[in-house]
Structure formats: structure tokens, C-alpha cells
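Engineer: Each protein sequence line maps, in turn, to chains A and B.
Sequential numbering of the first sequence, starting at 22, is according to my numbering.
Sequential numbering of the second sequence, starting at 12, is according to my numbering.
The beta-carbon is built from N, C-alpha and C at its ideal position, and this holds for glycine as well.
These figures come from a predicted structure and were not determined experimentally.
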Amino acid sequence: MVRFLLVLPLVLALSGCATALVAPDRPAEIGNDVTVMPQRAWNRITNDPEAWTTQGPQIDLIRFFSGIRSGDALLAGVRGSRFDFDAKMLPNDIQDLVIATLQLEGNKAVRADNLAPCPFGGDKGFCFDLAFVSADDLEMKGLAIARKHDGRLDLFLFQAASEYYYGEMISDVRKLFASAQTQ
Amino acid sequence: MRRRIAAALCCAAWLSAGGVAQGQGTLPPGYSSDMSGEEAGIWMLTDKQEAATKTAPNLVRDEKLNAYVSGVICRLAGEYCPSIRVYILDTPNWNAFASPNGMVVVNTGLLLQMKNEAQFAFVLGHEITHYLHRHSLEELRKQVNTAGLVNIYALAMFGVGVAVGDDPSGAISLGQDLGRFWISAFSRDEERDADRSGFARVTSLGYAPNEASAIWTDMVAQNKADPRYSRIVFLDTHPSPEERVENNVKWAAEALPSRSDWATNEDAYHAAMAPFLRRWVEEELALAHPDRSIVIFRRLAQNMPSQGLYHFGLGEAYRKRHQKPDEASAEKAYRAALACPDAPPEAWRGLGLLAMRAGESAKAKDAFTNYQAKLPNASDKAMIDFYLSQL
Numbered sequence: 022m023v024r025f026l027l028v029l030p031l032v033l034a035l036s037g038c039a040t041a042l043v044a045p046d047r048p049a050e051i052g053n054d055v056t057v058m059p060q061r062a063w064n065r066i067t068n069d070p071e072a073w074t075t076q077g078p079q080i081d082l083i084r085f086f087s088g089i090r091s092g093d094a095l096l097a098g099v100r101g102s103r104f105d106f107d108a109k110m111l112p113n114d115i116q117d118l119v120i121a122t123l124q125l126e127g128n129k130a131v132r133a134d135n136l137a138p139c140p141f142g143g144d145k146g147f148c149f150d151l152a153f154v155s156a157d158d159l160e161m162k163g164l165a166i167a168r169k170h171d172g173r174l175d176l177f178l179f180q181a182a183s184e185y186y187y188g189e190m191i192s193d194v195r196k197l198f199a200s201a202q203t204q
Numbered sequence: 012m013r014r015r016i017a018a019a020l021c022c023a024a025w026l027s028a029g030g031v032a033q034g035q036g037t038l039p040p041g042y043s044s045d046m047s048g049e050e051a052g053i054w055m056l057t058d059k060q061e062a063a064t065k066t067a068p069n070l071v072r073d074e075k076l077n078a079y080v081s082g083v084i085c086r087l088a089g090e091y092c093p094s095i096r097v098y099i100l101d102t103p104n105w106n107a108f109a110s111p112n113g114m115v116v117v118n119t120g121l122l123l124q125m126k127n128e129a130q131f132a133f134v135l136g137h138e139i140t141h142y143l144h145r146h147s148l149e150e151l152r153k154q155v156n157t158a159g160l161v162n163i164y165a166l167a168m169f170g171v172g173v174a175v176g177d178d179p180s181g182a183i184s185l186g187q188d189l190g191r192f193w194i195s196a197f198s199r200d201e202e203r204d205a206d207r208s209g210f211a212r213v214t215s216l217g218y219a220p221n222e223a224s225a226i227w228t229d230m231v232a233q234n235k236a237d238p239r240y241s242r243i244v245f246l247d248t249h250p251s252p253e254e255r256v257e258n259n260v261k262w263a264a265e266a267l268p269s270r271s272d273w274a275t276n277e278d279a280y281h282a283a284m285a286p287f288l289r290r291w292v293e294e295e296l297a298l299a300h301p302d303r304s305i306v307i308f309r310r311l312a313q314n315m316p317s318q319g320l321y322h323f324g325l326g327e328a329y330r331k332r333h334q335k336p337d338e339a340s341a342e343k344a345y346r347a348a349l350a351c352p353d354a355p356p357e358a359w360r361g362l363g364l365l366a367m368r369a370g371e372s373a374k375a376k377d378a379f380t381n382y383q384a385k386l387p388n389a390s391d392k393a394m395i396d397f398y399l400s401q402l
């Protein structure tokens, strides 16, 4: 019984790390210098990168990559020129970097479209749409918004099943991305 | 331990001496499993796979392309044609396979990479042989029997271990490895049979024999350029591409003198593929393996120098590799693309991005301006406008 009571706080703490509620209408910090305002409740599933979902990561997922330095990949443990961010990259190159990363994760037929300048937390950024087939053979759609700041990359990446979920969520996700406040 | 290894080697020797009964039959035309025999399970499984393939999101339904591919396979299959159904999947990997129920699947990645109809026919001839020689059934029998033997061996080793008070797990694992080795060796023999019989079937229709070895020569070059490529020889289910080159060169030397009108049907092949090349080039690039894409597009561009899409693909692969020495190669490939009648306007964009990265403003401006003139409604127009505003 004593052992159970000693372990219980650890179990609760760990389960809190695994999924924590991101409350709506309250600012959420992403990394050190970006804050966003969610319009709906999300489950935080990891914090490196910060990743949220509502139905589960196979159905919908937002990842906030923050402060990626030159020579670093979006995914930990992945190296290679096509996966590494380089401060000299143009938005087209960063779009290719996202495609390569999604492909590496097991997604198929990854396509990007509509690359355009977009505001990012009051800064100049860019955005593009994504479409791909997930490793589970679900047809997915996505939206990426990014900026280069002091030679580092901030990138928000949303993906959801194209049937129902993307359409149902995209309006809130756009508001969420537009709410980004940078320091 | 030495005693256990000896026992394991005896087991392997028995297996390789034909401890498992072998039998290979060619399928009678119009054959269908009666769903009560030993192959009923495989047929049910492949029927299920075929049902899923019919509704796959990446199934290519274009009638002309399907008619062309089915036409080639029907000429090869002859009297078996009515039993074979072809499905083209929009998948950029080089692959085709035949199932025991007569389903043949061809990936668009294969269609992109074949040089001509003869090469395509050699791949299909190989797959048809798997179907006709019922290799799946033979492999199933081998797996069932080998699994049984491995279990008997494992039990025996466990018994010895208990008797002498020693841990038998190492010897059991060795037995399992030998089982896997044996099944892989059998699979390689089936592949050799499919290569040999497929070669005979395809050349009997007058397809140029040298094209078979050319497929595998290209594969060797592609594997060498792919940093992810690796194979464990003893557990590989296919003979090495090098062995396949050697075999096909030998068979071609034997076949060549028999006639002088060997055909590749290159023009017919490219006419059938032309409407889809743009999409397939993009899909190959989207695999995000520029090392392999460079080998593929360099070869395709050498084979068909007038095809601008191949030069464009090569330029994109070099640019996406993000390595300094590649920039000159990318520019050269983009310029070769723009010299072709079917030059994709995006080659101008590629030149613009290269120049902008290199800080060559005037060059970048000229390239982006050309891109916008050729493709005024491009989906990335706003981004290019932004680039131009920065130059």
C-alpha cells in the first residue's frame, strides 16, 4: 500500500505528460517566443515538438516546430541534407523540406500547393496547402505556415483526414495560426 | 553448444537435400481454385486483396492506359489472357506483382522507368511465370513444412537443454534462422525460374533480348546511388541484380542469332505513357530521395534527350538535394529542359530559385519573369511576386 502511494504521483505526472488538455480561449505558449490562442480544446500529446490533437494523431494533428536552427531536422534523430533546415532556404525549399519529412514518416503521394506569403504573428511568413495519403491509407489534407526569424525556422503544420475532419477544423486552425503572437 | 550446432546443420542438410517434397505444376488455362484444397486460403486472401485494389484511391482508371497495358500482358499470356486481370496503381515505386488468382498489379513507378515496351514485357513475363508456375502455392507449402521442422527441432533442442540444464534459446534461434534461410533460398530459386521462363516467353514474341539485362544494369546503378540500399544475401527473397544481369546477358547471347527483327516498340510505349509523365515525374520527386531520382532522371534523359520532363526532373532532384556542387548540374538540367519542345515552365522557376539562393538578382529576376510569362496563373504566383519584389 505504501509503495502504491509512493508510485501514484509519478504515474499521474507521467500520464499528465502523455496527454494534457489545452484549454480553449486561453493563450498557449509554443517554445520560447510564440503564443497562440486556441479556439477549441486540444490534447497536447508531445512537447518536442509541441503537438496537439482532438481525435488522435492519425485523424488530426498540429505540430508547432519552433526555433529550428540551421543543420537541424524537423524530426529528432533524422539527418541528411534533404531533412535539414538551412537558413539560406527559400520558402520553396522549406516546402520541399516539409514534403520530405512527411514522406519519411510513412505518408505517401505528398503534394504541396498554393505557396504564398502569409503573415505569421505580425511577421512576414508564408504558407502552403498539403495533400497526401497517410501510412494508414487515409486521404489527408494539411496546411503549413512558417517564418524565418533570426536564421531560425518556426513552422506550424496541421494535418487531418480530408473526409469530414479537415473541413470541420480548418476554420479554427486558421484562426489559431493567425492568433500567433511573436516576441 | 557444438553438439547443438551440429544438430542444426544436420537439420539444414536434410532440408536442402529435399526433405520437403517439391512439386511444380503449370496452371491449366482457365484454372480456378475449388476453394476446398490447400490453396483455398491463398485464393481467398488474394480475392480479398483484389476487391480492395478495385476501390483503391490510387487505382489508375484511364481506359487508354489500361488497354495498352492489358494488351501487352495479353500478348504475353496467350491462352491465359482471360484469366488475368491487370490493375495499375499510381505508386511511384518500381514494382509489379502477380497473385495466384490471376491479379496482376503494375505500379506507375515501373511505367515511368521502363525504356520501352520490351523492357516492360520482360517484367510482365517474369510476373506471369509466377502465376503460371503457381509459385505462391509452392512457397506456402515450403513455409508450412519448414515451420513444422523448425518447431520439431526447437522442441528437440529444448528437451536437450532441459536434460543438461543449459539454456537452449541460442540453438532454437539458430534453427529459426536456418528455416528463414531455407525459405529465402527457395524463393530465390522461384525468382530464377520466373526470370528464365519469362525471358523465353517474351523473346518468343520477338522482343529484343538485350533489353532484359538492361533493366537490371539500371537497377544495379540505382542501388549503388541509394544510400539506403542494403541487402542480406542469405535472407534475400530475390537473386541479386548483378546475378540477374549475368543470367540475362547469357540468355540474350543464346537467343540473339535466332532472328534479326527483334523489336523494342519504344515509340508505342512512349506514346501510351506520354499523357501521364508529368504526374509521374512529380511523384518520383515527391518521394524525397534525390539521390535515387538523380540516377533515374539522368538515365531517362540520356535515353530520350528530347523529353524535357526528364531533364526538368533531373534539375529538380539536384536542386532538392541541397548540396553545393549540385547547383551547376541543376542549372544545366533546367537549361536542357528548356531547350526541349515540351519544356515545363517550372524549369524557369527552378533557375530563378537557384539564382536567388546564389544571390544573382538579375538572373533570378529574368528566370522568374519568364516563369510567370509562361504560366501566368501558377498556384505559387503570389510567392513569385514576392520574390520579384525582393530582387
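Between glycine 29/B and the rest of its own chain, which residues show a CB-CB distance below 7 angstroms, the 5 nearest in sequence each way excluded?
Structural biologist: Residue placement at glycine 29/B is poorly supported in this model, since its pLDDT is 35, which falls under 50; the coordinates still yield a value, given next. No residues qualify anywhere along the chain.
Engineer: Can a CB atom of chain A be found closer than 9 angstroms to the CB of alanine 344/B?
Structural biologist: Taking Cβ atoms only, chain A never reaches closer than 9 angstroms to alanine 344/B, which makes this a no.
Engineer: According to DSSP, is glycine 82/B part of a helix, a strand, or is it coil?
Structural biologist: In this structure, glycine 82/B counts as helix in the three-state DSSP scheme.
Engineer: Rounded to the nearest angstrom, how far is the Cβ of arginine 84/A from that of alanine 72/A, given a contact under 8 angstroms?
Structural biologist: Contact holds; Cβ gap of about 5 angstroms.
Engineer: Quick check on DSSP: helix, strand or coil for arginine 168/A?
Structural biologist: Strand, per DSSP.
Engineer: Determine the chain B residues that contact aspartate 134/A at a beta-carbon separation under 9 angstroms, and present them in chain order.
Structural biologist: In chain order: Ser390, Asp391.
Engineer: Compute the beta-carbon to beta-carbon distance between phenylalanine 323/B and alanine 358/B, rounded to the nearest angstrom, for a pair I have assumed lies under 8 angstroms.
Structural biologist: Indeed they touch by this definition, with Cβ atoms about 5 angstroms apart.
Engineer: Should glutamate 184/A be labelled buried (16 or more other beta-carbon atoms within 10 Å of its own) or exposed?
Structural biologist: Exposed, since its Cβ has fewer than 16 Cβ neighbours within 10 Å.
Engineer: If you draw a straight line from the C-alpha of proline 356/B to the C-alpha of leucine 362/B, how long is it?
Structural biologist: In a straight line, the C-alpha of proline 356/B is about 10 angstroms away from that of leucine 362/B.
Engineer: Starting from the Cα of methionine 114/B, find the closest Cα among Glu128/B, Val97/B, Arg212/B, Asn104/B and give me that residue.
Structural biologist: When only C-alpha atoms are compared, the closest one is Val97/B.
Engineer: May I ask you to list, following chain order, the residues of the segment 329-340 of chain B that have a beta carbon less than 7 angstroms from some beta carbon of chain A?
Structural biologist: Here the close residues are Lys331, Arg332, His333, Gln334.
Engineer: Report the three-state DSSP secondary structure of valine 194/A (helix, strand or coil).
Structural biologist: In the structure shown, valine 194/A sits in a helix (DSSP, three-state: H, G or I).
Engineer: Between the Cα of phenylalanine 198/A and those of Val43/A, Pro59/A, Gly52/A, spot the shortest distance and give me the residue it belongs to.
Structural biologist: Checking every option, the nearest Cα to that of phenylalanine 198/A belongs to Pro59/A.
Engineer: Compare the beta carbon distance of valine 99/A and threonine 67/A with 9 angstroms and say whether it is the shorter of the two.
Structural biologist: Not closer than 9 angstroms, so no.
Engineer: From the DSSP output, read off the bridge partner residues of phenylalanine 86/A.
Structural biologist: Answer is Leu176/A, bridged to phenylalanine 86/A.
Engineer: Which same chain residues end up closer than 7 angstroms to arginine 255/B when comparing Cβ atoms and leaving out the 5 residues on each side of it in sequence?
Structural biologist: Counting only Cβ-Cβ distances below 7 angstroms, and skipping sequence neighbours, we find Asp206, Trp227.
Engineer: Mind checking aspartate 229/B: buried by the 16 CB within 10 Å criterion, or exposed?
Structural biologist: The residue is buried, with at least 16 neighbouring Cβ atoms inside 10 Å.
Engineer: Between tyrosine 187/A and the rest of its own chain, which residues show a CB-CB distance below 6 angstroms, the 5 nearest in sequence each way excluded?
Structural biologist: Cβ neighbours of tyrosine 187/A beyond the five flanking positions: Lys162, Ala181.
Engineer: According to DSSP, aspartate 105/A sits in a beta bridge with which residue or residues?
Structural biologist: Note: aspartate 105/A sits in a beta bridge opposite Ala94/A.
Engineer: Hey, is glutamate 160/A's beta-carbon within less than 9 angstroms of any beta-carbon in chain B?
Structural biologist: Yes, because at least one Cβ of chain B sits closer than 9 angstroms to the Cβ of glutamate 160/A.
Engineer: I need the straight-line Cα distance from leucine 151/A to alanine 165/A, nearest angstrom please.
Structural biologist: Roughly 8 angstroms separates the two Cα atoms.
Engineer: Identify every residue that forms a DSSP beta bridge with asparagine 64/A.
Structural biologist: DSSP lists Leu42/A, Thr74/A as partners of asparagine 64/A.
Engineer: Can you name the start and end residues of the beta strand (DSSP E) that alanine 107/B belongs to?
Structural biologist: Where alanine 107/B is concerned, the enclosing beta strand (DSSP E) stretches over 107-109.
Engineer: Spell out whether any CB of chain A is found under 9 angstroms from the CB atom of aspartate 101/B.
Structural biologist: Answer yes: the Cβ-Cβ gap between aspartate 101/B and chain A drops below 9 angstroms somewhere.
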